[in-house]
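In case it helps, mature numbering (1 follows the signal peptide of the UniProt record, and there is no 0) puts the sequence shown at residues -22 to -1, 1 to 296.
Below you'll find the structure, written out as structure tokens, and then a few comments.
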Amino acid sequence: MEGMCLIFCLFTFGGSFQKGLAAVIQTQQMVSAAVGEDAPLSCQLLETKDVQQVTWQKVLEKTERNIGSYSEYYGETVNDGFKDKVQFTEAGLQKNSIVIRNVTDQDAGCYLCLFNTYPDGALTGRTCLTVYELHGPFITISRSNSPPGSVVTCSATGQPVPMVTLTVSDQNLSFSHCNTSRETNTNSTVTVTTTALLSALSSTQVGCLVSVDSAAPRELLVTVPDFKDSSDEGLNKQLESDFRGFRWPMTVVFLIVGVLICICVLRVRISQNRNRKRSENATDNQNLDDSPVSNKDVRLRTSERQRQNSEDEKRVEN
């Protein structure tokens, strides 16, 4: 499964001869595990024997160190120094399995499983653990103008040195101008980077396959973007098209805003004119009401009334 560190186990048959009797133990000759993952170890006695206890040991330079044991009387026992590291996954006298948690470089080496039988003694199986480190793959894709195409770069970091391979799904396309570089890091891991030119700008799928030793390979698949639409010319055309499509709505908005402004200004002016006329009329009426009648006008009106009365009296006498 992609993104997971898989473990390849090679099953072999190991023989152990005690006192002229052949006892066959099925075990894993080699186990590979990535740093941080778990490593399972298993041994099975293929012949029925009177097994008193099963013991696991780690082989050191000059001796062996007991990891733990299982017996029907004492059950599962993990020795100090391994309690947070080793756990029994299958406890039995004919088949026994343990798992090494969160493996590191210090866990690499060989391990022994001993079936302590009566009266034959110890029957031994041997498994060697290889620990590797692998980070990646990581893919980046960029455009190349000269020569035209897509520059595909894949990198992986590991120990031992990882192998990096680029692949393309379209059989009509191929890689050229391939270049591979290595860089040793301070923690002894090696970063391998492979760069190649994809022959055309095309939306196709490319892959990067990385592996170390006998570990399960990892593959990352990505789709190359179509850089034709992202070129400067294409981008300018797209911007121009967007602006043209945006121009008409903006023109309509500006016209509507202009009409509204004119209406508001006209209404303000009309209101101001009405208020001014009302103010003038009120002032005129006030002036008429407040203006006094002169004595001359009063005398003229009185004289006119007397003359009119005199004429009326003469007409009566006649």
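Glycine included, each C-beta is placed from N, C-alpha and C at the ideal position.
As the structure is a prediction and not an experimental result, all values here were calculated from the model.
If ASP28 and THR95 are in contact, beta carbons under 8 Å, what's the gap, nearest whole angstrom? Within the sequence shown, numbered from 1, the residue matching residue 28 stands at position 50. Within the sequence shown, numbered from 1, the residue matching residue 95 stands at position 117. Contact holds; Cβ gap of about 6 Å.
Give me the Cα-Cα distance between VAL170 and VAL188, rounded to the nearest whole angstrom. By 1-based counting over the sequence shown, the position of residue 170 is 192. By 1-based counting over the sequence shown, the position of residue 188 is 210. Taking the straight line joining both Cα atoms gives about 10 Å.
Report yes or no: do three or more beta-carbon pairs, one from the region 21 to 38 and one from the region 64 to 81, lie closer than 8 Å? yes
ILE249 versus PHE232 - alpha carbon distance: Taking the sequence shown and counting its residues from 1, the one referred to as residue 249 is at position 271. Taking the sequence shown and counting its residues from 1, the one referred to as residue 232 is at position 254. The identity of residue 249 in the sequence shown is Ser, whereas the question assumes Ile. Spanning the two alpha carbons is a distance of roughly 26 Å.
How many angstroms separate the CA atom of ASN44 from the CA atom of SER181? For the purposes of this step, residue 44 is taken as the residue at position 66 of the sequence shown. For the purposes of this step, residue 181 is taken as the residue at position 203 of the sequence shown. If I take the Cα positions, the gap works out to 58 Å.
Check for me: the beta strand (DSSP E) holding PHE153 runs from which residue to which? Reading the sequence shown from its first residue, position 175 is the one you call residue 153. It spans 153 to 162 - the beta strand (DSSP E) in which PHE153 sits, taken as one unbroken run.
Whose C-beta lies closer than 8 Å to the C-beta of SER177 among residues of the same chain, with five residues either side of it excluded? Taking the sequence shown and counting its residues from 1, the one referred to as residue 177 is at position 199. Closer than 8 Å at Cβ, skipping near neighbours: GLY127, LEU151, SER152, PHE153, SER154.
Tell me the rounded alpha-carbon separation between GLU15 and GLU111. Residue numbering aside, residue 15 sits at position 37 when the sequence shown is read from its first letter. Residue numbering aside, residue 111 sits at position 133 when the sequence shown is read from its first letter. So the alpha carbons of these two residues sit roughly 10 Å apart.
Rounded to whole angstroms, what is the Cα-Cα separation between GLN137 and VAL13? Counted from its first residue, the sequence shown places residue 137 at position 159. Counted from its first residue, the sequence shown places residue 13 at position 35. Each residue's Cα considered, the two are about 10 Å apart.
In terms of residue numbering, what span does the beta strand (DSSP E) encompassing LYS36 cover? Taking the sequence shown and counting its residues from 1, the one referred to as residue 36 is at position 58. From DSSP, the beta strand (DSSP E) with LYS36 extends over 29 to 37.
At which residues does the beta strand (DSSP E) containing TYR51 begin and terminate? Indexing the sequence shown from 1 puts residue 51 at position 73. Looking at the DSSP string, TYR51 is not in any beta strand (DSSP E), and its letter there is neither H nor E.
Counted within 10 angstroms of its Cβ, other Cβ atoms place TYR89 as buried (16 or more) or exposed: Locating residue 89 in the sequence shown gives position 111, where the first residue counts as 1. Buried, because 16 or more other Cβ atoms sit within 10 Å of the Cβ of TYR89.
Any chance you could list the beta strand (DSSP E) runs of at least 3 consecutive residues sitting entirely within the region 87 to 140, in chain order? 87 to 95, 99 to 123, 126 to 137
Would you kindly work out how many angstroms separate the C-alpha atoms of LEU24 and ASP85, rounded to a whole number? For the purposes of this step, residue 24 is taken as residue 46 along the sequence shown, with counting starting at 1. For the purposes of this step, residue 85 is taken as residue 107 along the sequence shown, with counting starting at 1. Their backbone Cα atoms lie some 28 Å apart in a straight line.
How many Å lie between ASP139 and TYR48 at the Cα? To locate residue 139, count along the sequence shown from 1; it is residue 161. To locate residue 48, count along the sequence shown from 1; it is residue 70. Checking the sequence shown, residue 139 turns out to be Val, not Asp. VAL139 and TYR48: Cα-Cα distance of roughly 39 Å.
Alpha-carbon to alpha-carbon, ALA11 and GLN65: Translated into positions along the sequence shown, residue 65 becomes position 87. Translated into positions along the sequence shown, residue 11 becomes position 33. Cα to Cα, GLN65 sits roughly 16 Å from ALA11.
Beta-carbon proximity list for ILE119, same chain, < 8 Å, skipping 5 on both sides: On the sequence shown, position 141 is the one that residue 119 refers to. Closer than 8 Å at Cβ, skipping near neighbours: SER128, VAL129, VAL130, THR131, VAL184, VAL200, VAL202, PRO203.
Residue 362, DSSP secondary structure in three states: A question about residue 362 goes unanswered here, because the residues of the chain that appear run from -22 up to 296.
So is THR41 buried or exposed if we call it buried at 16+ other beta carbons inside 10 Å? Within the sequence shown, numbered from 1, the residue matching residue 41 stands at position 63. The residue in question, THR41, is exposed, as its Cβ has fewer than 16 Cβ neighbours within 10 Å.
On the CB-based measure, 16 or more other CB atoms within 10 Å of its CB, does VAL230 come out buried or exposed? Position 252 of the sequence shown, counting from 1, holds the residue named residue 230. VAL230 is exposed by the Cβ-count criterion.
Assuming THR108 and ASP191 make a contact with CB atoms under 8 Å, what is their CB distance in whole Å? Position 130 of the sequence shown, counting from 1, holds the residue named residue 108. Position 213 of the sequence shown, counting from 1, holds the residue named residue 191. Correct: roughly 7 Å between the Cβ atoms.
Distance between GLY99 and CYS(-18) (C-alpha atoms, nearest Å): In the sequence shown, the residue the question calls residue -18 occupies position 5. In the sequence shown, the residue the question calls residue 99 occupies position 121. Unreliable positioning characterises CYS(-18) in this predicted model, as indicated by a pLDDT of 33, which lies under 50. The coordinate reading is nonetheless provided below. C-alpha separation (whole angstroms): 38 Å.
What is the rounded straight-line gap between the Cα of TYR51 and the Cα of LEU92? By one-based count along the sequence shown, residue 51 stands at place 73. By one-based count along the sequence shown, residue 92 stands at place 114. If I take the Cα positions, the gap works out to 17 Å.
In chain order, what residues of the same chain lie with their CB nearer than 6 Å to the CB of PHE116, ignoring the 5 residues before and after it? The residue given as residue 116 occupies position 138 in the sequence shown. Only SER133 meet the Cβ criterion.
Alpha-carbon to alpha-carbon, GLN22 and VAL2: As a first step, residue 2 must be located in the sequence shown, where it is residue number 24. As a first step, residue 22 must be located in the sequence shown, where it is residue number 44. When rounded, the distance between both Cα atoms is 9 Å.
Using only the alpha-carbon positions, how far apart do ASN80 and HIS113 sit? Indexing the sequence shown from 1 puts residue 80 at position 102. Indexing the sequence shown from 1 puts residue 113 at position 135. About 16 Å.
With DSSP collapsed to three states, give me the class of LEU24. Here residue 24 refers to the residue found at position 46 of the sequence shown. Coil at LEU24, not helix or strand.
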